[in-house]
Ligand code: AMP
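Residue numbers (the UniProt record's numbering): 1 to 654.
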């Protein structure tokens, strides 16, 4: 594969002076120190992670074996004899020393309605709610579905599950009742935690209504805990539904932590893969906690007194890591933001930064692109001098968007940390270190500790060992937070991640490595698309379209979008006796998956390009929509090549 394009000259951004001269200095403060630590972590992972695990976590029972198992059977374990409790690590050990330190800052939808919660208060709240769960029969190992707006009680719910050794399965509150139902059924959850309503961007979200719709076909759910976010009354189904506020009144504010094994699952989280069925990715307590606590400390250079502002939703892996487990395990102060970047005005983020003196600010490229469109005057009028590290993740950040973020938000004195990882990796794979790494905008730079990167030739599966390389991003050895399995489907786990290239974890992302060793993520090589940082599979959208009685065939593709990164375009072949409006199909997708998955464009067609075996060639559709009809590639495998010109005309005129 050609690598000529890898050595275009990029502006190299050195480590900002402000970080180099800071006291206390960054945890890693030179590229030599990074390289030394990285090498140690690869050559001797047992010693490296064993030492960090004792330094950064509190263990009830010490571990003896740091790492065992491997990729062949997917039987990786970290710290296997060790026992601990995640909520103890997040709460008690800090509440004992520093009870009045603020653990969570709740920035409510309406700017003046938030509050601050100290470690003592958070520990009490978590214990009370854990006792509620216990009183209703929740036990270690039960899977609890959480579907909540961004209120502190969402974090409390996660930590209360962790306190009991119950496994939380948070479903992003933007998912529809159908998606929610599928996830509840797949996890066989008997317990659901939710709210009567949510508030976001000045609007009301009818959370309980969505829950009720989902539960019409979930007879296994025996209890729904409902937090009252607004004053509105909602239908209540007794004895299934109970009010959060009534129940906590009955419980004392201490609940002993259930000591779990390091390999016991802490949580599962559903994510999209190449098939229509989302997979419940399971993360183990000890390894996961260690990786995220190490991420926060080293990649985001967390120091005592920092205020960590991650603007994402708790429903995504990034919210689990950088609103709850990362900051709290470090004894830090985290922000929990209920609103949107533009409510009530496009200054909202910057008002928050100034008001709470945020030191690390974390958002997604999609939000940066949106705010850039509104103009820098919304940023410039605020005091952002508290910021030291500004962070972006979830999707690629274009160099020009990176430059804007650096100049306008970071005022050229902050470290910009574009970090690459996946729900399944559980923690960061590639990222610069604020005090060590010179940055090429658009590159997530170098691997985190313990991440042994390999670039594979997609055709042969052979590793490309030259510095300059282009191929598939794979990882050679296990790291602590690697997902341990897919819930109830270990075979799918093996087939998806560990079998495609024997001896490696397969990321499904393409990557380039330039002559200086910088990594450039190229995007997915499977059928996963990324809309505003939300991961979707094309077949998930197609399945939703096919649920409409009028749809005979459907194909979905991801198309570049200035604002959302990618957006969804679909081609739909209707059954001959049906005639429907585009809006009907858009609603179908909104209802089946959620509003964020709604196609931006639907083309009605009479046929789709297919191979002789009937496989739809989405690659051809993508070229047509992208206007790259000159490079459409080999069509010899198409059963119906005549359709290509018909579709070109169709797309041109729509
Ligand atoms: P998710 O598991 O939902 O976080 O999605 C993971 C996918 O998002 C990865 O496989 C990448 O395709 C993409 N991704 C995440 N972070 C980045 C990043 N910093 N740069 C480029 N792509 C990213």
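Ideal Cβ positions, reconstructed from N, Cα and C, are used throughout, including at glycine.
Within the chosen limit of 6 Å, the ligand AMP reaches the beta carbon of residue 521 through at least one heavy atom. Contact between residue 241 and residue 165 is absent: CB atoms are separated by about 25 Å, not below the 8 Å threshold. Unbroken beta strand (DSSP E) stretches of 3 residues or longer found wholly inside the stretch 453-499: 453-456 and 469-475, given in chain order. Judged by their CB atoms, residue 281 and residue 377 are not nearer to each other than the 7 Å cut-off.
Looking at the DSSP output, residue 107 bridges to 337.
According to the DSSP secondary-structure assignment, residue 78 is paired through a beta bridge with 67. For the stretch 518-595, the continuous alpha helix (DSSP H) assignments of 4+ residues that do not extend past its boundaries occur at 538-546 and 582-592, in sequence order.
Residue 565 holds the alpha-carbon nearest to the alpha-carbon of residue 370 among 565, 262 and 411.
In the pairwise beta carbon analysis, the stretch 438-447 is classified as touching the stretch 398-408: at least three pairs are separated by under 8 Å.
Considering only 185, 308 and 88, the residue with the shortest C-alpha distance to residue 104 is 308. Two segments are said to touch when three or more pairs of C-beta atoms, one from each, lie closer than 8 Å; by this definition the stretch 98-118 does not touch the stretch 509-518. Annotation: residue 372 to residue 417 spans about 18 Å, alpha carbon to alpha carbon. Here residue 128 really is in contact with residue 248; their C-beta atoms are around 5 Å apart, less than 8 Å. Setting aside the 5 residues that flank it on each side, residue 33 is surrounded in the same chain by 436, each with a C-beta closer than 8 Å to its C-beta; the list follows chain order.
For residue 415, the beta-bridge partners assigned by DSSP are 389. Every beta strand (DSSP E) stretch that sits fully inside the stretch 77-163 and reaches 3 residues is listed by chain position as 102-107, 115-118 and 143-146. In this model, residue 551 and residue 541 are separated by some 13 Å (Cα to Cα). With contacts defined as CB atoms closer than 7 Å, residue 364 and residue 382 fail to qualify as a contacting pair. For residue 294, the enclosing alpha helix (DSSP H) starts and ends at 285-294. Looking from the CA of residue 291, the closest CA among 112, 615, 57 and 319 belongs to 57. When DSSP assignments are scanned along the stretch 233-318, the uninterrupted stretches of alpha helix (DSSP H) that are 4 or more residues long and fall wholly within it turn out to be 244-249 and 285-294. Look at residue 395: its beta carbon is less than 6 Å from one of the heavy atoms in the ligand AMP. DSSP places residue 516 outside any alpha helix (DSSP H), giving it a letter other than H or E.
Relative to residue 251, the option among 467, 472 and 135 whose CA is nearest is 135. If you look at residue 203, you'll find it isn't in any alpha helix (DSSP H); it sits in the beta strand (DSSP E) that goes 203-205. Here residue 369 carries a helix assignment [DSSP, helix/strand/coil]. Cβ contact annotation for residue 482 (same chain, cutoff 7 Å, sequence separation greater than five): 76, 425, 426 and 505, in chain order.
Distances between the C-beta of residue 173 and the heavy atoms of the ligand AMP are all 6 Å or more.
Nearest neighbour of residue 232 by Cα position, chosen from 219, 81 and 195, turns out to be 195.
DSSP places residue 179 in the uninterrupted alpha helix (DSSP H) bounded by 177-187. Under DSSP, the beta-bridge partners assigned to residue 198 are 205. Looking at the backbone, the Cα of residue 486 and that of residue 493 are separated by about 5 Å.
Three or more Cβ pairs closer than 8 Å define a contact, and the stretch 147-163 meets that threshold against the stretch 202-211.
At the C-beta level, residue 84 and residue 60 come within 7 Å of one another. DSSP places residue 223 inside the beta strand (DSSP E), whose first and last residues are 223-227. Contact check for residue 185 against residue 160 fails: the beta carbons are separated by 7 Å or more.
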